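Read through the structure below, which is laid out as structure tokens, and then see the notes.
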Amino acid sequence: MIEVRYLISYKFKTTVMKKLKYILFTALAGLLACDSFTELDAPPTQIASSEVFIDKSGAESALADIYARIREEGAVSGNASAGTVLLANYADDLTFYGANANLEQFSRHTLVDSNTYLNTLWRAAYSQIYAVNSFREGVLGAQHIGEEDRDRFLGEALFLRGFLHFYLVNIFGSIPYVTSTDYEVNRSVGKISEQQAYGLIVQDLLLAAELIPETYPSAEPVRPNKSAVHALLSRVRLYTGDWQEAAAYATLVIESPMYSWQQDLDQEFLRTSPATIWSLHPGLAGVNTRDARSFVFFAGPPSIPTLSPELYASFEDGDLRRTAWVTEIQGTGGPWYHASKYKKITNTGSSEEYTVLFRLAEMHLIRAECRTMLHDLEGARSDIDKIRSRAGLGGTTASTEQALLAAVLQERRLELFAEQGHRFFDLKRTGNADQVLSIAKPNWRPTGVVFPLPLNELLLNGNLLPQNPGY
1 MIEVRYLISY KFKTTVMKKL KYILFTALAG LLACDSFTEL DAPPTQIASS EVFIDKSGAE
61 SALADIYARI REEGAVSGNA SAGTVLLANY ADDLTFYGAN ANLEQFSRHT LVDSNTYLNT
121 LWRAAYSQIY AVNSFREGVL GAQHIGEEDR DRFLGEALFL RGFLHFYLVN IFGSIPYVTS
181 TDYEVNRSVG KISEQQAYGL IVQDLLLAAE LIPETYPSAE PVRPNKSAVH ALLSRVRLYT
241 GDWQEAAAYA TLVIESPMYS WQQDLDQEFL RTSPATIWSL HPGLAGVNTR DARSFVFFAG
301 PPSIPTLSPE LYASFEDGDL RRTAWVTEIQ GTGGPWYHAS KYKKITNTGS SEEYTVLFRL
361 AEMHLIRAEC RTMLHDLEGA RSDIDKIRSR AGLGGTTAST EQALLAAVLQ ERRLELFAEQ
421 GHRFFDLKRT GNADQVLSIA KPNWRPTGVV FPLPLNELLL NGNLLPQNPG Y
């Protein structure tokens, strides 16, 4: 199937693909062995550029490797030691009672700059960004890729670069924005402000929107199209307070004929959901999401994170999301609860669930918040009520701007829990982190709105100093 060809980076059927596999993985294995992107050297990239991009299929396979890396580790990976789990533990979505010292630091807010998982979040992001920049440079230098394909590839590279930096700036604050594979540049790269980083993210995304077509390159939305770019632009504009732009981009996605509202909560996270804008292919036919394997357990007390009792209690009586997306497990000290948006933890022959990164519900919630800020209270209520109606609830009773903003944040919590850091980012960007997390997390400090920069990165590159406050 075409989507498997795109997403399984280690399966090649021709001599060219075998050669690609050796060259690309040799270069990127050296990348992963480095402690920092500042240690990267140029020659492997030059080899990859001359050999990998011999034609369109070579470029597609190189790009597939990047998507596989994003799926397996980093900020949006569902693996147990990756961003989705770590950020949900850091916020008030999850509670951890187990014995993993690295994960415990995230859950209890005792995070230190030598934490192994912290280092991997940073390293994975910048290794993926390096691979994206290398891919982009290879496409620019390719002689046998047509203009239409070249534009799509370049657009995807710009989208991914903006996407990865978006997570870095929200996790670490001031960060380097890396746009080159040049060793001399990267070895001394320094931090820029969050505002500057957002400016570069928007710049990359606007260019991506000009290059990426409306259609997907495969039968499923496992690579971004123009609507995925608009969805990320909508999220970025929300975070930067550009309400008009955020609402406009959200509306473009909502009104696109490519998507339709998924009324059945049990089907929202299936691979066939018409509300999915962009998702990650699990890699092999029959395999499902890493998220399910990280959240689902069958007995208590569990050794993996559980949904917090406070989150469970936040659902209104009759909220169908608690029925569809939360599972109660009995056991000593229980009951215990786990997220069950993704349910399939074994091979199902044909994959049934993909990790969803953008979906229509988020676009409605973004637009509701922006409409409130723009004093369109009726429009905001309409978007909130679309979410609530699917959950089996009546319309919102909020009538003032302040009440509607609180209603949006509450619906975001109940709709987007345990998904790629939404809850922590929402608390941070709305200024509610101190109020909420000081109660939920006894060790919370106001400086916890950003993570520490990894210690080994500071030792390797003095331009990353000073360390973030509080660490």
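Every letter in the sequence shown is one number past the one before it in the working numbering, and letter 410, counting from 1, is 410.
Ideal Cβ positions, reconstructed from N, Cα and C, are used throughout, including at glycine.
Predicted model only: the values in this text are computed from it and were never measured.
query                                                                                                                         : result
7 angstroms Cβ cutoff met for T355 and D291                                                                                   : yes
Own chain residues within Cβ distance below 8 angstroms of R321, not counting five before or after                            : L265, F315, A391, L414 and E415
Runs of alpha helix (DSSP H) wholly within the stretch 205-245 (minimum 4 residues, chain order)                              : 226-239
Whole-angstrom distance between A131 and P454, CA atom to CA atom                                                             : 21 angstroms
Contact the stretch 383-390 vs the stretch 355-364: 3+ CB pairs below 8 angstroms                                             : yes
N-terminal and C-terminal residue of the beta strand (DSSP E) that H338 is part of                                            : W336 to A339
Cutoff 7 angstroms; reference L207; Cβ partners in own chain excluding five residues on either side                           : L158
Euclidean distance between Cα positions of N432 and E51                                                                       : 51 angstroms
Residue ranges of each alpha helix (DSSP H) within the stretch 261-349, 4 or longer                                           : 290-295, 309-314 and 320-325
Distance between E214 and W122 (C-alpha atoms, nearest Å)                                                                     : 32 angstroms
Burial state of L459 (16 or more Cβ within 10 Å)                                                                              : exposed
Neighbourhood of Y216 by C-beta distance below 6 angstroms, restricted to the same chain and skipping five residues each side : N225
Whole-angstrom distance between L164 and L87, CA atom to CA atom                                                              : 15 angstroms
Endpoints, the beta strand (DSSP E) within which F424 is located                                                              : It is not in any beta strand (DSSP E) - F424 instead sits in the alpha helix (DSSP H) that spans H422 to R429.
Contact check, H230 vs V253, beta carbons under 7 angstroms                                                                   : yes
Touching by the beta-carbon criterion (3+ pairs, under 8 angstroms), the stretch 326-345 and the stretch 284-303              : yes
Whole-Å CB distance - F53 paired with G138, under 8 angstroms assumed                                                         : 4 angstroms
As assigned by DSSP and simplified to three states, the class of V178                                                         : coil
Cβ neighbours of L200 in the same chain (closer than 6 angstroms, five flanking residues each side left out)                  : Y177
Test item: CB-CB of R429 and G470 under 7 angstroms                                                                           : no
Expected contact under 8 angstroms - CB spacing of A380 and R371 to nearest Å                                                 : 4 angstroms
Residues that DSSP places opposite I192 in a beta bridge                                                                      : I175
DSSP state of T26 mapped onto helix, strand, coil                                                                             : Its pLDDT being 35, under 50, T26 is placed unreliably in this model, and the coordinates cannot settle the point.
Exposure of N115, with buried meaning 16 or more beta-carbon neighbours within 10 Å                                           : buried
Per DSSP, cross-strand counterpart(s) of L94                                                                                  : L307
Strand pairing of R359, partner residues [DSSP]                                                                               : T276
Boundaries (first-last residue) of the alpha helix (DSSP H) holding L455                                                      : L455 to L460
Inside the stretch 380-428 only - alpha helix (DSSP H) runs reaching at least 4 residues                                      : 401-416
Start-to-end residues for the alpha helix (DSSP H) that takes in A433                                                         : A433 to A440
Y90 beta carbon less than 7 angstroms from that of F106                                                                       : yes
Three-state class that DSSP yields for E104 in the structure shown                                                            : helix
Simplified DSSP assignment, three categories, for E378                                                                        : helix
Close Cβ partners of S81 (< 6 angstroms) along its chain, the five nearest in sequence each way excluded                      : Y117
Boundaries (first-last residue) of the alpha helix (DSSP H) holding T116                                                      : T116 to G141
Exposure label - A33; buried when at least 16 CB within 10 Å                                                                  : Confidence at A33 is low in this model, with a pLDDT of 36, below 50, so its placement is unreliable and no value can be given for it.
7 angstroms Cβ cutoff met for G98 and S279                                                                                    : no
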